[in-house]
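Engineer: Here's a structure for you.
Protein chains: 4
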Amino acid sequence: MKKFRICLFGAGEMASTHAMNLATDARMELAFIVDPSAERAGALAAATGARVVDMDSAFEDASIAAYIIATPPRTHADYLQRAAQTQAHIFCEKPIDHDIGRARACLAALQGRESFVQMGFNRRFDPHFIALKQAIAAGKIGTPEQVLIISRDAEAPPVEGFIHSSGLIKETAVHDYDLIRWLLDDEVAEVYVMADALINPDYLTVGQVDTTTTTIRMARGTHVTVLNSLRAAFGYDQRLEVLGTLGQAAVGNLAQSQLVLSTHQGVTGEKPYFSYFQRYAEAYRAEIMDFAEAVATGRPVTPDATDGLRASEIAEAAMLSVQSKCPIRL
Amino acid sequence: MKKFRICLFGAGEMASTHAMNLATDARMELAFIVDPSAERAGALAAATGARVVDMDSAFEDASIAAYIIATPPRTHADYLQRAAQTQAHIFCEKPIDHDIGRARACLAALQGRESFVQMGFNRRFDPHFIALKQAIAAGKIGTPEQVLIISRDAEAPPVEGFIHSSGLIKETAVHDYDLIRWLLDDEVAEVYVMADALINPDYLTVGQVDTTTTTIRMARGTHVTVLNSLRAAFGYDQRLEVLGTLGQAAVGNLAQSQLVLSTHQGVTGEKPYFSYFQRYAEAYRAEIMDFAEAVATGRPVTPDATDGLRASEIAEAAMLSVQSKCPIRL
Amino acid sequence: MKKFRICLFGAGEMASTHAMNLATDARMELAFIVDPSAERAGALAAATGARVVDMDSAFEDASIAAYIIATPPRTHADYLQRAAQTQAHIFCEKPIDHDIGRARACLAALQGRESFVQMGFNRRFDPHFIALKQAIAAGKIGTPEQVLIISRDAEAPPVEGFIHSSGLIKETAVHDYDLIRWLLDDEVAEVYVMADALINPDYLTVGQVDTTTTTIRMARGTHVTVLNSLRAAFGYDQRLEVLGTLGQAAVGNLAQSQLVLSTHQGVTGEKPYFSYFQRYAEAYRAEIMDFAEAVATGRPVTPDATDGLRASEIAEAAMLSVQSKCPIRL
Amino acid sequence: MKKFRICLFGAGEMASTHAMNLATDARMELAFIVDPSAERAGALAAATGARVVDMDSAFEDASIAAYIIATPPRTHADYLQRAAQTQAHIFCEKPIDHDIGRARACLAALQGRESFVQMGFNRRFDPHFIALKQAIAAGKIGTPEQVLIISRDAEAPPVEGFIHSSGLIKETAVHDYDLIRWLLDDEVAEVYVMADALINPDYLTVGQVDTTTTTIRMARGTHVTVLNSLRAAFGYDQRLEVLGTLGQAAVGNLAQSQLVLSTHQGVTGEKPYFSYFQRYAEAYRAEIMDFAEAVATGRPVTPDATDGLRASEIAEAAMLSVQSKCPIRL
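Protein chains in written order, with the working numbering: chain C, 1 to 330; chain P, 1 to 330; chain L, 1 to 330; chain H, 1 to 330.
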C-alpha cells in the first residue's frame, strides 16, 4: 500500500502530539521532521521512524503529500508561503501570523491554496462541542440568542515568561472567536473587550493583561460573551452554553475521574483537567485524523486559512477595542 | 368560623413540629397539650395558645375533633385505644407498639376505626418521593424491577443512649418498609436481613446493630434493597431509586444550599441535610396538613393503622431473619 | 404583648406575599390595607384580619410602626415621601421611581430617613446567594476577579403587555446591579450594555428590548457580566458565579423536585422553578422577616433607599450605554 | 529491538480489542492468530500484520512470549493447560471454566504457573474504580462498612440467544465478585442471592434469570450489595459506592458527551455508554498494557488464575444460594 508521506515542522509538545496521533492512521507515513534543535528532532524521529532533514530538503522532496507546521507562531507565515508553492496539503497551528498585515499578505500569497491549509483550531473537533453544534442544527434549542464561552487557563505564566507572548487575546481568546463563527455559522459584527491585569498587575509592565471579558454581537444579532483568564485555580475551565428560543445547550468541564467523595467537608468531585493537552486530547486526535482524510482523498480542509485570517481579524478588533475603550465594528 | 379542636399528646420536638405546622391551617385550633413534663408542656402551650390539661380531661372533652399522639413509642397503644373510643380522628407516630403482639391487639381493639388513625410515616408525604411515585404511575419507567432505598442517619447515638431503643430495624428501616409498600402498591413477600455492628462493636453489648442490609422480594416479584446505617458521616443519607422496564427514576440527597466551590481541592457541593427535621420539613408539613384535611372533611386517612401494623410485621420478620440467618416469608 | 402595627399599600401578588410572610411573626400585626381595588383589598383583608382604609387614614394613624409599599412603581415616590414624614419604618418595592430625577428628588426629601427605608431587593436575602457571599468573606475563593450573573425570566410577556413596562434593564437587570454591589461590597465604575430584540423584533415597536448583555467594571477592577433575557424556555434562569484568585463559587438553578429520570431519551432532571415567587420564596420570607426585626428593634435597614438610588443610577447608565453604544462611567 | 512475540487465540470482538491495544506497545509483536474461522482470523491478521496458524504450531513455537486466550469460555481450560506447559505468560478471559470442578482441576494443573496467568477482569483497570480504591487506601473515607455495586447491561439478549449462556451470575455478577475482592482487599465470607426473571419470564424456560440481587458479608464484616440486571433501558449501568466510617466514595455512570439540554421537557444529559467496549475502553487498554509490562519484565500478573478461581467459587456459591434460598458460607 502506497502511503502518504508527511513532513512535520517542529518537534515540541504540539508537534509530538500530532506525530503520535498520525501514527494511528495506517495510510500516513511520517517521513521528515524539521526542527532547529537536532536533539529534539532526533528524539521524535527515533520514536516515530521519521528522518530528520533540513528545511530545503523538506520542501524539495516532491513525494511529500502534506506539511504540518507546529513551530513558533512567528515562523508560520514563512513555512506556509513556501509550502503553498507545492501541491501538498498543509496543516498550520494558529495563527498565520500575529501581525495582521503579514497574515493578510500571507493569505494573498496562497493564491487559491487557502482551502488546502487547515488551521489548528482544535476546539472545532471536540466531540462535546460537536454534539452541541449538532443539537442546534437539529433544532433542539431553536434559534441561538445568547452565547456564553468561558475559557480560562489553569495556571498563569510568570510575568517574565509572558513578555514575548502575543497575549491573552491573540493566544487564547482567538480560539473562542473561531469557535463562535463555527458554532453559529455566522460572522462577528461587533466586538467590545474589557481587559485588565487582576491576577497580577505586574503583567501591565510587560504590556500584558490577564483577564478579559469580550462582548460580541454577531451579524444575525446573537449576543456572545467570552470570559477569558490566565488562571482558574481549579483547572482548565472550558465551558460553552447557548440559549436559544426553545431552550439551552451547554457543555461543562471534564475531569479525569468520576470519583465523588462525600465527607464532613462536603460532596467533592474531581477538578477539571489541568491542561489543554488533557482536555482536548480527543479533539487533537480528531483534527489530525480529519486532515489525514483530506490528504488521502485530496479534498479541501476546514477550518482553512481564510478562517484563520478571520479569527485574527476579530482578535485585532478586540485589541483595538481595549485601546479605544469602545466596541469595534468589523 | 367554627374551628376543629385538636389535642396533642407530647411536647417534644416531634410534637412541636406538628403544633407549628398545624398553626398554618386556619381551620384547626390546638386546644390541649398533654405531657408529663409540665415545663415542656407549658412552653409549647405558651407558644401556641393551647391549654395544658391532664390525660383524662383530654379524653373526656367531647369537643375534641382529633388527637395527635407524639409521645414515646411504648405509650402509643394506650393512647390509641383510648382515643379510638371517641369518634375523633387520630394521628399517631409510628409504631403502634414495638411489640408485635401488643400492636395486633391494639389494632383489633380499634374496631373499625383503623382507617381514621393516621400513622406518622412522613416519607409518604415527601414531594420528591411523591414525584417519583407519580412518574411510575405515569408509566415513565414501565414496570418496577429493582428498587434501592438508602436510609442512613448522619450521627450514630452513643452506645449507652441506644440501650432502650427498639433498634435500627424497628426505628429506621420500618420507615423504608412502609415506603416500599406505598411506592409499589404491593406487599412484601419475603425479607432477608444482614445485620452487624460495624461502626462500633460495642452496640452488640446492648443488643443492637448499626448496619443492616435488607433484601426484599415483593409479592409481584420486584426486588428491593434497603441499606440502613446509624451513620453517614456526610449527612442524613436518604436516596431512592427504581429501575423499571423502560428506565430508572431516582431521588438523591437534598442540601441546604446550592453553593458549589471549585478550588485546587476539587469541585465541592454542600453536604446533605443533617437531620430528618431538615430533610423532611416539607413532608412533616404535608402529612399534618393532609390529616387536618381529613379532620375537616371527615374522611378516612392514609397511611392508616393497618398500614402501621403491616410495616411492623415486616420489621418483625426482618428481626427474625437476622436471628435465623435466612429469608423469612410473610 | 403589644404588637407592631403595619400598614400595607397594595393588595396584589407581591403585597399578598408580604402579608402572608408577616403573619408568621407574632410580633407584627397587619392593621391596614390600602388599595384602589376595593375587591382585592377586601379579599386580602379577610384573609389576614386587616382593615381596609383609605390613604389618608393610613398616614394619619400614629400607631402605625411600618408602611409597606407594594404598589405599581409610578406610585412609590409619592407614598415614600409621605410615609417618610412619619417616624415609621418603610419597606418599598423597587424602584423609588423609574425616572432617575424623581428618584433623586424623593431621596433628598427623605431627609435623614433613608436608612429606615428598605428596598425590595429580594435577591440579597436568598440563602444560596448569602452562602456564596459568606464563602467569599471566608476567603474560600480569594479576591473576586470575574463575576457572571445570569438572570432570565421563563416566559416573555406579549408585546402589547410590555408597552408600559420600564423595560428589561430597569425591571430585571436592576436587581442584578444591586446584587453585584452587595455581593462584592464595591461600586460599579463603568457599564456597557448590548441590547436587542432577539426573541421578538416587535418589542422594538414599543421601545423595548428582550435580550441584554451587560459588562461592568467595578471600582476595584472586578469584571462583571450580566446576561438578561425575557425568556429562558426551560424556566426562570437564575445563576451566579464568581471566579477569584483561589477558585470559583457558584450557585445554579433550583428545581421543585430532585427527581431524575433515566430513559432511552437521556438522563433528565426537573426544570428550574418557573417564577420568581417560587424561586425566591425563601428570600421573600427572609427579607420581610429582616424588616420586621428592624421594626421591632428600631434599627436601620439594608438595602436602604440609598442602595435603591444607586441601583437606579446604574440602570440609568446602562440605558445611556445602549443609546450611545459605548461604555458609560459612573 | 527484539520484540516479544504474542500469540492470540480468538479473532472476535474481544480478541480484536486486545490486538489493537497491543499494537500501541512498540515492544510487543502480534505474531500468531489462531481461530476456527479462517475468514475472521484472516481479517484480523491482515489488520495487524500477524500470521494465521493452527493451534499446534502456536504451542510448538518456542519464540512465543505470551498467549492471549480470548475464545469462548468452554475452550479456556484446554488452552490454559497447554499454554501452561510453556514458560510463556498467559492472558485468559474469564472464566477458567464455567464448571467449578474443571476450573479447580485446571488450576491444579498449572503447577506453579498460576501467577503468570492473568484473568480478564477488566474492571480492576478502570481508572475511575482505581481512583476510588486509592481514595480508600488514602484513608479518605475511613474503614468501609457498606458497599453498593450496580452492574446492568443495556440490552437484554433474546431468550433463544441466552440458552447456552452460563447466565447472569456467572457471566456478569462474577465481574463484580472479583471487583469487591480487589476493592476491599478482603474475601467473601457469605453470599445470598435473590434471582428472578422479571424482564421476561420466558428466560426461565431456558433455565435463566434476568435480575439478581446479591448480598455479601465479607470476612472483615463489610456488607456488599450487588444489583445485576440484563437490562437498564437507559444504558450500560455501572456504578460503585462505598460508605466508610468517615464518608462515602462513589463512581457514577459515564457518557459519551457532556452535552446538557435544558428545554420545557427538563434538564437532560446524555445517556450512559451503551456497551462495555465503550464504557471500559480505557480499562481494556490498561489491562493489556499491564499484561504487556509483565511479559516485558518477566514479573507475575494480577489478577491471576487464583483470583479467577476465587471469583468462580463465589459465583458457584451464589448459584447454590439461589437454589437453596438461603445464604451460603464460603
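Each residue gets a CB set at the ideal place from its N, CA and C atoms; glycine is no exception.
Note that the structure is predicted; figures quoted are calculated from it, not measured.
Using a C-beta cutoff of 8 Å, does His223 of chain C count as contacting chain L?
Structural biologist: Locating residue 223 of chain C in the first sequence gives position 223, counting from the first residue. It does: the Cβ of His223 of chain C has a partner Cβ on chain L nearer than 8 Å.
Engineer: Under 8 Å, do Ile141 of chain H and Gly244 of chain H count as touching if we go by C-beta distance?
Structural biologist: Taking the first residue of the fourth sequence as position 1, residue 141 of chain H is located at position 141. Taking the first residue of the fourth sequence as position 1, residue 244 of chain H is located at position 244. Yes, these two residues count as a Cβ contact at 8 Å.
Engineer: Any beta carbon from chain P within less than 8 Å of Gly235 of chain L's own beta carbon?
Structural biologist: Stepping through the third sequence from its first residue, residue 235 of chain L is reached at position 235. No, no contact with chain P.
Engineer: Taking any Cβ of chain P, which residues in the stretch 245-263 of chain L have a Cβ under 9 Å from it, in chain order?
Structural biologist: Residues of the stretch 245-263 of chain L that bring their beta carbon within less than 9 Å of a beta carbon in chain P comprise Leu246, Gly247, Gln248, Ala249, Ala250, Val251, Gly252, Asn253, Leu254, Gln256, Ser257, Gln258, Leu259, Val260, Leu261, Ser262 and Thr263, in sequence order.
Engineer: Does Leu198 of chain P come out as helix, strand or coil in the three-state DSSP assignment?
Structural biologist: Here residue 198 of chain P refers to the residue found at position 198 of the second sequence. DSSP places Leu198 of chain P in coil when its eight states are reduced to three.
Engineer: Just how far apart, CA to CA, sit Tyr67 of chain P and Val301 of chain L?
Structural biologist: Taking the second sequence and counting its residues from 1, one reaches residue 67 of chain P at position 67. Taking the third sequence and counting its residues from 1, one reaches residue 301 of chain L at position 301. Cα to Cα, Tyr67 of chain P sits roughly 44 Å from Val301 of chain L.
Engineer: Compare the Cα-Cα distances from Ile314 of chain H to each of H:Tyr192, H:Glu287 and H:Ala137 and report the closest residue.
Structural biologist: Looking up residue 314 of chain H in the fourth sequence gives position 314. For the residues H:Tyr192, H:Glu287 and H:Ala137, the minimum Cα distance to Ile314 of chain H belongs to H:Tyr192.
Engineer: Does the beta-carbon distance from Asp237 of chain C to Ile150 of chain C come in below 8 Å?
Structural biologist: Here residue 237 of chain C refers to the residue found at position 237 when the first sequence is read from its first residue. Here residue 150 of chain C refers to the residue found at position 150 when the first sequence is read from its first residue. In contact: Asp237 of chain C and Ile150 of chain C (Cβ atoms closer than 8 Å).
Engineer: Tell me, which residues are paired with Asp237 of chain H by DSSP?
Structural biologist: The residue labelled residue 237 of chain H in the question sits at position 237 within the fourth sequence. Its beta-bridge partners are H:Arg152.
Engineer: Jot down the residue ranges of each uninterrupted alpha helix (DSSP H) in the stretch 246-280 of chain P, minimum 4 residues, whole runs only, in chain order.
Structural biologist: 276-279
Engineer: Spell out whether any CB of chain P is found under 8 Å from the CB atom of Lys271 of chain L.
Structural biologist: For the purposes of this step, residue 271 of chain L is taken as the residue at position 271 of the third sequence. Judged by the 8 Å Cβ criterion, Lys271 of chain L is not in contact with chain P.
Engineer: Should Arg27 of chain H and Ala286 of chain H be called a contact, given that it needs their Cβ atoms to be closer than 8 Å?
Structural biologist: As a working mapping, residue 27 of chain H is identified with position 27 in the fourth sequence. As a working mapping, residue 286 of chain H is identified with position 286 in the fourth sequence. No; because the gap between Cβ atoms is not below 8 Å, this pair is not in contact.
Engineer: According to a CB-to-CB cut-off of less than 7 Å, which residues of the stretch 175-197 of chain H neighbour chain P?
Structural biologist: Tyr192, Met194 and Asp196
Engineer: Residues of the stretch 145-161 of chain H with a CB closer than 9 Å to any CB of chain P: list them in chain order, please.
Structural biologist: Glu145, Gln146, Leu148, Ile150 and Arg152
Engineer: By DSSP's criteria, Leu110 of chain H is part of a beta bridge. Which residues make up the other side?
Structural biologist: By 1-based counting over the fourth sequence, the position of residue 110 of chain H is 110. None; Leu110 of chain H has no bridge partner.
Engineer: Can you give me the Cβ contacts of Val174 of chain H inside the same chain, cut-off strictly under 6 Å, excluding the 5 residues immediately before and after it?
Structural biologist: As a position in the fourth sequence, residue 174 of chain H is number 174, starting the count at 1. Ala311 and Ala315.
Engineer: If you draw a straight line from the C-alpha of Thr222 of chain H to the C-alpha of Val226 of chain P, how long is it?
Structural biologist: Translated into the one-based positions of the fourth sequence, residue 222 of chain H becomes position 222. Translated into the one-based positions of the second sequence, residue 226 of chain P becomes position 226. Distance between the alpha carbons of Thr222 of chain H and Val226 of chain P is about 15 Å.
Engineer: Taking only three categories from DSSP, how would you classify Met179 of chain L?
Structural biologist: If you number the third sequence from 1, residue 179 of chain L lands on position 179. For the sequence presented, residue 179 of chain L should be read as Leu rather than Met. Note: Leu179 of chain L maps to helix in three-state DSSP.
Engineer: Can you have a look at Gly112 of chain L and say buried or exposed, based on whether 16 or more other CB atoms are within 10 angstroms of its CB?
Structural biologist: For the purposes of this step, residue 112 of chain L is identified with residue 112 of the third sequence, where counting begins at 1. Label assigned to Gly112 of chain L: exposed.
Engineer: Chain L partners of Thr17 of chain H, CB-CB under 7 Å?
Structural biologist: For the purposes of this step, residue 17 of chain H is taken as residue 17 along the fourth sequence, with counting starting at 1. What Thr17 of chain H touches in chain L: nothing, since even the nearest Cβ is about 26 Å away.
Engineer: Would you please verify whether the beta carbon of Ile141 of chain P is less than 8 Å from any beta carbon of chain L?
Structural biologist: Counting from one through the second sequence, the residue named residue 141 of chain P turns up at place 141. Answer yes: the Cβ-Cβ gap between Ile141 of chain P and chain L drops below 8 Å somewhere.
Engineer: What span of residues does the beta strand (DSSP E) with Phe322 of chain L cover, start to end?
Structural biologist: On the third sequence, position 322 is the one that residue 322 of chain L refers to. Note that residue 322 of chain L is Val in the sequence shown, not Phe. For Val322 of chain L, there is no enclosing beta strand (DSSP E); the enclosing alpha helix (DSSP H) has its first and last residue at Ala305 to Ser324.
Engineer: Check each candidate in H:Arg51, H:Met14, H:Glu13 and H:Glu190 and name the one with the smallest Cα separation from Arg5 of chain H.
Structural biologist: What you label residue 5 of chain H is simply residue 5 of the fourth sequence in a count that begins at 1. Here the closest residue by C-alpha is H:Arg51.
Engineer: Name, please, each residue of chain L whose Cβ falls closer than 9 Å to the Cβ of Pro327 of chain C.
Structural biologist: Position 327 of the first sequence holds residue 327 of chain C. Per Cβ cutoff of 9 Å: Tyr192, Met194, Lys325, Cys326 and Pro327.
Engineer: Check the C-beta distance from Asp153 of chain C over to Thr172 of chain C and give it rounded, since I have them as a contact under 8 Å.
Structural biologist: What you label residue 153 of chain C is simply residue 153 of the first sequence in a count that begins at 1. What you label residue 172 of chain C is simply residue 172 of the first sequence in a count that begins at 1. Sure, about 7 Å apart at Cβ, within 8 Å.
Engineer: Distance check for Ala318 of chain H and Ala19 of chain P, CA to CA, integer angstroms please.
Structural biologist: Here residue 19 of chain P refers to the residue found at position 19 of the second sequence. Here residue 318 of chain H refers to the residue found at position 318 of the fourth sequence. It is roughly 51 Å from the alpha-carbon of Ala19 of chain P to the alpha-carbon of Ala318 of chain H.
Engineer: Comparing the C-beta of Thr215 of chain L with each C-beta of chain C, is any distance below 8 Å?
Structural biologist: Along the third sequence, read from residue 1 onward, the residue named residue 215 of chain L stands at position 215. So, interface residue.
Engineer: Could you pull the start and end residues of the beta strand (DSSP E) that Ile136 of chain C belongs to?
Structural biologist: Residue numbering aside, residue 136 of chain C sits at position 136 when the first sequence is read from its first letter. Element bounds for Ile136 of chain C: not the beta strand (DSSP E) but the alpha helix (DSSP H), Pro127 to Ala137.
Engineer: Restricting to Cα atoms, I'd like to know which of L:Pro158, L:Ile288, L:Met55 and L:Leu198 is closest to Asp78 of chain L.
Structural biologist: On the third sequence, residue 78 of chain L is found 78 positions in, with the first residue counted as 1. Residue L:Met55 is the option with its Cα nearest to Asp78 of chain L.
Engineer: Against Gly49 of chain C, what residues of chain P qualify as contacts under a CB-to-CB distance less than 8 Å, listed in chain order?
Structural biologist: Numbered from 1 along the first sequence, position 49 holds the residue referred to as residue 49 of chain C. Near Gly49 of chain C there are no residues of chain P at all, since even the closest Cβ is about 41 Å away, more than 8 Å.
Engineer: Thr268 of chain L touches chain C at which residues, Cβ-Cβ below 8 Å?
Structural biologist: Here residue 268 of chain L corresponds to residue number 268 of the third sequence, with the count starting at 1. Result: empty, since nearest Cβ-Cβ is about 12 Å, beyond 8 Å.
Engineer: Starting from Arg5 of chain P and walking both ways along the beta strand (DSSP E), at which residues does that stretch end?
Structural biologist: Locating residue 5 of chain P in the second sequence gives position 5, where the first residue counts as 1. Its beta strand (DSSP E) spans residues Phe4 to Phe9.
Engineer: Skipping 5 residues on each side, what residues in its chain have a beta carbon closer than 6 Å to that of Ala195 of chain P?
Structural biologist: Within the second sequence, the letter at position 195 stands for residue 195 of chain P. Only Val209, Thr212 and Val322 meet the Cβ criterion.
Engineer: Can you list, in chain order, the residues of its chain with a C-beta nearer than 8 Å to that of Ala219 of chain L? Leave out the 5 residues immediately preceding and following it.
Structural biologist: Reading the third sequence from its first residue, position 219 is the one you call residue 219 of chain L. Answer for Ala219 of chain L: Asp186, Glu187, Val188 and Ala189, listed in chain order.
Engineer: Alpha carbon to alpha carbon, what distance is there between Ala197 of chain H and Arg74 of chain H?
Structural biologist: Sequence index remark: in the fourth sequence, residue 74 of chain H carries index 74 (1-based). Sequence index remark: in the fourth sequence, residue 197 of chain H carries index 197 (1-based). Using only the alpha carbons, I get a separation of about 25 Å.
Engineer: Have a look at Ala296 of chain P and Pro303 of chain L and give me their C-alpha separation to the nearest angstrom.
Structural biologist: Taking the first residue of the second sequence as 1, we reach residue 296 of chain P at position 296. Taking the first residue of the third sequence as 1, we reach residue 303 of chain L at position 303. If you take the alpha carbons of Ala296 of chain P and Pro303 of chain L, they lie about 43 Å apart.
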